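Line by line, the protein sequences are chains H and B.
Residue numbers for the first sequence follow the working numbering, so the first one is 482 and each next one is one higher.
Residue numbers for the second sequence follow the working numbering, so the first one is 482 and each next one is one higher.
In this text, a Cβ means the ideal position worked out from N, Cα and C, and glycines have one as well.
Bear in mind that the values here come from a model prediction, so they are computed numbers and not experimental data.
Here is the structure we will look at.
Protein chains: 2
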Amino acid sequence: MSSSVDRTNNGQGNQRMTAKSAPPGLDIFLRKLLSHSPLTDDDQAAIMAMPHSVRHMEPNSYILREGDRSGVCPILCAGFAYRQKSTQEGGRQIVALKIPGDALDFQSMYVRTVDHNLQALTAVDLVIVALPDFEKMVATRPAIARAVIVDILIEASIGREWLLNLGRRNALSRLSHLLCELHYRLLDTRSEGLDARDVPMKQEQLADLLGLTPVHINRTIKKLESNGAVARHGRGIRLGDIESLRRLADFSDTYLHRNNRAG
Amino acid sequence: MSSSVDRTNNGQGNQRMTAKSAPPGLDIFLRKLLSHSPLTDDDQAAIMAMPHSVRHMEPNSYILREGDRSGVCPILCAGFAYRQKSTQEGGRQIVALKIPGDALDFQSMYVRTVDHNLQALTAVDLVIVALPDFEKMVATRPAIARAVIVDILIEASIGREWLLNLGRRNALSRLSHLLCELHYRLLDTRSEGLDARDVPMKQEQLADLLGLTPVHINRTIKKLESNGAVARHGRGIRLGDIESLRRLADFSDTYLHRNNRAG
DNA sequence: TTTCGCCATCAACATAGGTTATAGTAGGGT
DNA sequence: ACCCTACTATAACCTATGTTGATGGCGAAA
Numbered sequence: 482m483s484s485s486v487d488r489t490n491n492g493q494g495n496q497r498m499t500a501k502s503a504p505p506g507l508d509i510f511l512r513k514l515l516s517h518s519p520l521t522d523d524d525q526a527a528i529m530a531m532p533h534s535v536r537h538m539e540p541n542s543y544i545l546r547e548g549d550r551s552g553v554c555p556i557l558c559a560g561f562a563y564r565q566k567s568t569q570e571g572g573r574q575i576v577a578l579k580i581p582g583d584a585l586d587f588q589s590m591y592v593r594t595v596d597h598n599l600q601a602l603t604a605v606d607l608v609i610v611a612l613p614d615f616e617k618m619v620a621t622r623p624a625i626a627r628a629v630i631v632d633i634l635i636e637a638s639i640g641r642e643w644l645l646n647l648g649r650r651n652a653l654s655r656l657s658h659l660l661c662e663l664h665y666r667l668l669d670t671r672s673e674g675l676d677a678r679d680v681p682m683k684q685e686q687l688a689d690l691l692g693l694t695p696v697h698i699n700r701t702i703k704k705l706e707s708n709g710a711v712a713r714h715g716r717g718i719r720l721g722d723i724e725s726l727r728r729l730a731d732f733s734d735t736y737l738h739r740n741n742r743a744g
Numbered sequence: 482m483s484s485s486v487d488r489t490n491n492g493q494g495n496q497r498m499t500a501k502s503a504p505p506g507l508d509i510f511l512r513k514l515l516s517h518s519p520l521t522d523d524d525q526a527a528i529m530a531m532p533h534s535v536r537h538m539e540p541n542s543y544i545l546r547e548g549d550r551s552g553v554c555p556i557l558c559a560g561f562a563y564r565q566k567s568t569q570e571g572g573r574q575i576v577a578l579k580i581p582g583d584a585l586d587f588q589s590m591y592v593r594t595v596d597h598n599l600q601a602l603t604a605v606d607l608v609i610v611a612l613p614d615f616e617k618m619v620a621t622r623p624a625i626a627r628a629v630i631v632d633i634l635i636e637a638s639i640g641r642e643w644l645l646n647l648g649r650r651n652a653l654s655r656l657s658h659l660l661c662e663l664h665y666r667l668l669d670t671r672s673e674g675l676d677a678r679d680v681p682m683k684q685e686q687l688a689d690l691l692g693l694t695p696v697h698i699n700r701t702i703k704k705l706e707s708n709g710a711v712a713r714h715g716r717g718i719r720l721g722d723i724e725s726l727r728r729l730a731d732f733s734d735t736y737l738h739r740n741n742r743a744g
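This is how it looks when you write it as structure tokens:
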């Protein structure tokens with residue numbers, strides 16, 4: 482159920498290579514940071530030179546568990562992951578969605594215990610940096626420290642928008658909003674957003690994301706499809722018309738703080 | 482509609498006093514930071530010595546608006562406030578609740594524009610520190626910098642728990658959960674939690690907090706009351722039995738990271 | 001003391017979304 | 001080429017919460 486080899490587009494799933502051979506994935510992390518924070522060439526080189534190992538994980542495997550004390554900072558370089566919490570009665574809620582380039586756990590640098598579960602959504606490739614190494618870099622390089630904080634703050638801002646989504650939007654708007662967000666977030670590190678590829682979540686996972694049931698997600702997708710906002714390719718959902726989606730979702734990307742730098 | 486004088490328990494609502502006369506409110510902020518982060522006497526003194534002004538604001542007044550560029554770090558020393566976002570169709574969602582001792586806007590130190598509205602819930606007394614002054618302190622004193630980040634992370638953790646609340650708990654559990662949270666958060670800076678005082682929110686505001694309607698909040702309060710979990714004093718709601726509430730809410734305080742220090 | 005306005009209360013009805021259960025279908029593994 | 005399993009689809013029915021609108025009472029201000 483964990484750590485086999487390959488099986489992602491970049492076909493790069495090896496183990497424990499502490500080297501910097503080919504592009505091992507840190508580049509997309511760097512691109513992500515640069516999308517919201519400026520870094521000197523020197524800082525950029527420092528990031529690319531971090532000692533790290535590479536790890537491949539299968540869909541649904543746990544990357545971090547509630548209550549853990551993590552000693553490691555995993556970075557998602559291929560595939561998707563999510564943070565998730567559950568109710569005692571078994572209700573499951575996805576509370577954050579992580580895409581390629583995202584760091585998965587800055588929090589453990591500052592706080593002792595992990596307060597949620599972190600799971601692979603698809604097959605994922607992780608770059609794993611030891612926490613002390615990361616802390617050293619942050620302590621040495623203020624611009625990187627700042628970028629880390631900005632990253633944390635943007636995730637928090639996304640969380641606030643999700644609260645608005647869950648609290649005050651109906652199923653159709655919620656789903657549309659999620660698709661818009663995913664599209665624009667993908668554009669921060671790549672040239673295409675959701676256009677070319679299928680939405681990476683199954684209907685059950687969409688339900689857990691949006692506080693709905695799979696049955697109702699199914700109904701809602703069909704409504705979106707009949708609108709032309711979304712297209713189906715077999716089981717997959719693909720972007721139909723982003724402008725329709727934005728309208729349905731009441732979407733504005735300011736909460737993503739794209740290309741932001743502080744005063 | 483703003484800045485008149487006094488009208489809060491500490492009766493301390495003046496303007497622009499850059500002095501450190503009587504206890505002006507920074508002490509409760511310090512206590513809040515100490516509740517999750519250790520600080521040397523020296524660091525503590527530095528915080529208490531920050532140049533600041535004091536500001537009183539009436540209920541419902543805006544402390545910060547979406548789109549603003551803030552130059553100031555307001556600290557809530559008496560009263561309650563909340564962050565709020567709205568849908569174009571007029572749906573209003575409270576996305577964070579701030580209590581005495583909380584800093585209201587660390588975010589503006591790192592990111593250009595404010596992505597939500599910050600409003601006074603009750604009459605409030607604010608201590609206002611100029612952002613450059615705060616930045617200077619954070620740049621000089623690593624322990625304070627770390628405390629600020631921990632504070633940001635705890636707010637984010639609370640946001641995740643609220644997502645679980647909105648997405649996967651019914652009205653009764655949601656309300657119970659909120660009351661539990663408020664109780665324990667108040668205990669971080671004071672000796673009594675919610676025991677002695679009324680819940681500071683009106684039913685409409687509870688509705689905006691919990692993604693419900695005022696009518697349904699009313700129904701739910703009555704159910705809680707018949708359980709004995711909550712008591713009424715006139716219009717006010719007061720804690721009845723915290724253990725019942727915890728049970729109804731499926732509450733555990735680990736997400737609040739009380740008394741936490743990182744490795 | 002009276003007035004006035006804001007809140008809380010309550011009831012009757014409406015609906016978005018939940019539940020359960022039964023097919024159907026794609027696609028990987030053999 | 002086949003099977004198996006996991007996902008999707010759909011229908012019928014159910015319920016938590018929303019909506020609207022009428023009533024009543026507390027508390028601030030005059």
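- Per DSSP, reduced to three states, the secondary structure at H/V553 is strand.
- The beta carbons of B/S672 and B/A710 sit no closer together than 8 angstroms.
- Counting only the Cα atoms, B/G648 lies some 17 angstroms from B/T701.
- Ranked by how close their Cα comes to the Cα of H/F561, the residues H/A584, H/V696 and H/D522 have H/A584 in first place.
- Judged by their CB atoms, B/V592 and B/S518 are not nearer to each other than the 8 angstroms cut-off.
- Between H/V608 and H/V535, the C-beta gap is smaller than 8 angstroms, which places the two residues in contact.
- Pairing H/C558 with H/F587, the inter-Cα distance amounts to about 15 angstroms.
- For B/A527, no Cβ of chain H is located within less than 8 angstroms of the residue's own Cβ.
- Distances from the alpha-carbon of H/I639 to those of H/D522, H/D731 and H/Y736 put H/Y736 closest.
- For H/L690, the closest of H/E539, H/D524, H/Q565 and H/G548 by C-alpha to C-alpha distance is H/Q565.
- Judged by their CB atoms, H/D731 and B/Q569 are nearer to each other than the 8 angstroms cut-off.
- The alpha-carbon separation between H/A527 and H/I556 amounts to approximately 16 angstroms.
- Measuring C-alpha to C-alpha distances from B/L726 to each of B/I544, B/D676, B/A624 and B/H714 identifies B/D676 as the nearest.
- Residues of the stretch 595 to 607 of chain B with a C-beta atom less than 9 angstroms from some C-beta of chain H are D596 and H597, listed in chain order.
- Taking a beta-carbon distance threshold of 8 angstroms, H/G648 counts as an interface residue toward chain B.
- A residue is called buried once 16 or more other Cβ atoms fall within 10 Å of its Cβ, and B/N598 is buried on that count.
- Around B/K566, the beta-carbon contacts reaching into chain H at under 8 angstroms are R641, E642, L644 and L645.
- Within the stretch 714 to 732 of chain B, those residues whose Cβ lies closer than 7 angstroms to any Cβ of chain H are, in chain order, D731.
- At a beta-carbon threshold of 7 angstroms, the residues of chain H lying near B/Q588 are L634, ordered along the chain.
- Within the model, the alpha-carbon separation for H/V553 versus H/A620 is close to 16 angstroms.
- Taking all protein chains in view, the Cβ of H/D596 is crowded by 16 or more other Cβ atoms within 10 Å, so the residue is classified as buried.
- A residue is called buried once 16 or more other Cβ atoms fall within 10 Å of its Cβ, and H/E685, having fewer, is exposed.
- Measuring C-alpha to C-alpha distances from H/Y543 to each of H/R512, H/V605 and H/L515 identifies H/V605 as the nearest.
- For H/M529, the uninterrupted alpha helix (DSSP H) run begins and ends at D522 to M529, by DSSP.
- In the structure shown, the three-state DSSP call for H/D606 is strand.
- Nearest CB-CB separation between B/H537 and chain H: not below the 8 angstroms threshold.
- The continuous alpha helix (DSSP H) containing B/S725 extends over residues I723 to A730.
- Under a 10 Å Cβ-count criterion, H/D523 is classified as exposed, with fewer than 16 other Cβ atoms of the shown protein chains found around its own Cβ.
- Distance check between H/G692 and each of B/P532, B/N708, B/N646 and B/I635 places B/N646 closest, using alpha-carbon atoms only.
- For B/S638, the nearest beta carbon of chain H is closer than 8 angstroms to its own beta carbon.
- Interface flag for B/Y736 against chain H is set, since a Cβ pair is found closer than 8 angstroms.
- Under the 8 angstroms criterion on CB atoms, B/I625 is classed as non-interfacial with respect to chain H.
- DSSP places H/A577 in the strand class (E or B) of the three-state scheme.
- With respect to chain H, the C-beta atom of B/I630 has a partner C-beta closer than 8 angstroms.
- One thing to note: B/L653 has its Cβ within 8 angstroms of the Cβ of B/K704.
- Across the stretch 675 to 686 of chain H, no CB contact with chain B closer than 7 angstroms is found for any residue.
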